[in-house]
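Undergrad:
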Ligand SMILES: *Cc1c(COP(=O)(O)O)cnc(C)c1O
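Numbering (the numbering used here), first residue to last: 5 to 372.
#1: Candidates 316, 93, 14 and 85: which alpha carbon is nearest residue 107's?
#2: Span of the alpha helix (DSSP H) holding residue 97?
#3: Does the beta-carbon of residue 234, which I'm using as the reference point, lie nearer than 7 Å to any heavy atom of ligand 1?
#4: Does the distance between the C-beta of residue 391 and the nearest non-hydrogen atom of ligand 1 fall short of 7 Å?
#5: Using three-state DSSP, classify residue 352 as helix, strand or coil.
#6: Taking the alpha-carbon of residue 178 as reference, which of 258, 369, 144 and 34 has the nearest alpha-carbon?
#7: Leaving out the 5 sequence neighbours to the left and right, which residues in its chain are closer than 6 Å to residue 289 when beta-carbon positions are compared?
#8: Given 7 Å as the limit, tell me if residue 63 has its C-beta closer than that to any heavy atom belonging to ligand 1.
#9: Consult DSSP for residue 235 and reduce its assignment to one of helix, strand or coil.
#10: Between residue 35 and the rest of its own chain, which residues show a CB-CB distance below 8 Å, the 5 nearest in sequence each way excluded?
#11: What separation, rounded to the nearest whole angstrom, lies between the Cα atoms of residue 139 and residue 356?
#12: Quick one, which of 269, 305 and 243 has its alpha-carbon nearest residue 22's?
#13: Leaving out the 5 sequence neighbours to the left and right, which residues in its chain are closer than 8 Å to residue 217 when beta-carbon positions are compared?
#14: Based on Cα-Cα distance, which residue from 252, 262 and 326 lies nearest to residue 362?
#15: If you draw a straight line from the C-alpha of residue 410 to the C-alpha of residue 44, how long is it?
#16: Short of 6 Å in beta carbon distance, which residues of its chain neighbour residue 255, apart from the five on each side in sequence? Order them along the chain.
#17: Just to confirm, are residue 82 and residue 102 a CB contact at a threshold of 8 Å?
#18: What are the start and end residues of each continuous beta strand (DSSP E) run of 3 or more residues lying completely inside the region 290-355, in chain order?
#19: Identify whether residue 158 lies in helix, strand or coil by the three-state DSSP scheme.
#20: What first and last residue would you give for the alpha helix (DSSP H) that runs through residue 83?
#21: Considering only the alpha carbon of each residue, which of 312, 33 and 124 lies closest to residue 338?
#22: Hey, does residue 125 have any beta-carbon neighbour from chain B nearer than 8 Å?
#23: With a CB to CB cut of under 7 Å and the five nearest residues on each side skipped, what residues in its chain are close to residue 326?
#24: What does residue 105 pair with, by DSSP beta-bridge criteria?
#25: Report, in whole angstroms, the separation of the C-beta atoms of residue 301 and residue 360, which I expect to be a contact under 8 Å.
#26: Mind listing, in chain order, the continuous beta strand (DSSP E) runs of no fewer than 3 residues lying wholly within the region 166-239?
#27: What separation, rounded to the nearest whole angstrom, lies between the Cα atoms of residue 182 and residue 64?
#28: Any heavy atom of ligand 1 within a distance shorter than 7 Å of the CB on residue 198?
Structure, rendered in structure tokens:
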């Protein structure tokens, strides 16, 4: 049996009539960027997350970058971020001119909140909390630190659409929540897309200005902005994705529950679930020694897997200039060497799930 790591088309096929109808509607509307679909999506997404405002932008990276810009983060400032984050989180920081300061993750792949304080200096302006794979950081402790040191709190929710900590959705805890709607995300569009959510009207209007060249009134530019607008096609199609989000989260949860229940292998460490959280499963990330051999073993059984991510930002060539030595963030580096995401997608059949479970269970260290 051949098992892909992800299948993007299945969610579309479930409601293809609705998607196709919307696509034609947008084509025939004669208005293609920042229009009524975007306004409607912004309202519906803010409602879903539980914030007052949502502002659509071009992608998840811009959501982070523009959120930090709206907060006034710039050169000379430091932004604390977990070291096992995706590269976009770090690029979002360095694009503002600020310096990323890395903190190690805890056993739930989230920032280790007990290690934030030791990294705070008089230059620290903000915490960028990245909720990876659908797990939530310990927001009680994160909020405590943010309050104590008067830091801005930005959440990167590109992998946590629908994730809750104590019944409150990620993205609604901090000053700004940042989302990506890249096709492979839990709420994914059919092209690039992103958004920020916030309860602060001032931040929302600043991002609205920044996303459109820095002009509130057309051709009158107050600040140097960027072009990062959400288009009508994506917004219209994302409204349909959003309408069915609970069905798709339920399906993802079912698959991950059977992985959690039925995978039994001493060589494999299963993901842990933090108390008081609802995990909106984005990736099912296991850990194992000799990870590359395990990936080859799966490949030989025709199971595709992905590594999120093999090289942590501080060891990437792009960030060599930060001069952070290999070995200085051991938990992060250990994750990068041992992690692997099992196949997880809408429409994955019980047979496909059982095949993956059996193949994983039969694995013995040393097998290829
Ligand atoms: C995907 C992702 C981003 C970037 O989103 P894009 O839409 O690809 O720019 C940022 N942060 C995290 C955690 C992501 O997974």
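All residues carry an ideal CB built from backbone N, CA and C; glycine is no exception.
TA: This is what the structure holds:
#1: Nearest Cα to residue 107 within the set 316, 93, 14 and 85: 85.
#2: 91-98
#3: no
#4: Absent from the model: residue 391. The displayed extent of the chain is 5 to 372, so no value can be given.
#5: coil
#6: Of 258, 369, 144 and 34, the residue nearest in Cα terms is 144.
#7: 137, 275, 343 and 345
#8: Under cutoff, so the answer is yes.
#9: DSSP places residue 235 in strand when its eight states are reduced to three.
#10: Counting only Cβ-Cβ distances below 8 Å, and skipping sequence neighbours, we find 236.
#11: 24 Å
#12: 243
#13: 225, 229, 230 and 231
#14: The residue with the shortest Cα to Cα distance from residue 362 is 262.
#15: It is not possible to answer for residue 410, since the shown part of the chain is limited to 5 through 372.
#16: 350
#17: yes
#18: 343-346
#19: strand
#20: First-last for residue 83: 82-86, but that is the beta strand (DSSP E), not the alpha helix (DSSP H).
#21: Minimum Cα distance to residue 338 is reached at 312.
#22: The displayed structure is made up of one protein chain only, and chain B is not part of it.
#23: 318
#24: Under DSSP, residue 105 takes part in a beta bridge, and its partners are 84.
#25: Wrong, their Cβ atoms sit about 12 Å apart, outside the cutoff.
#26: 180-184, 198-202 and 219-221
#27: 7 Å
#28: The answer is yes for residue 198.
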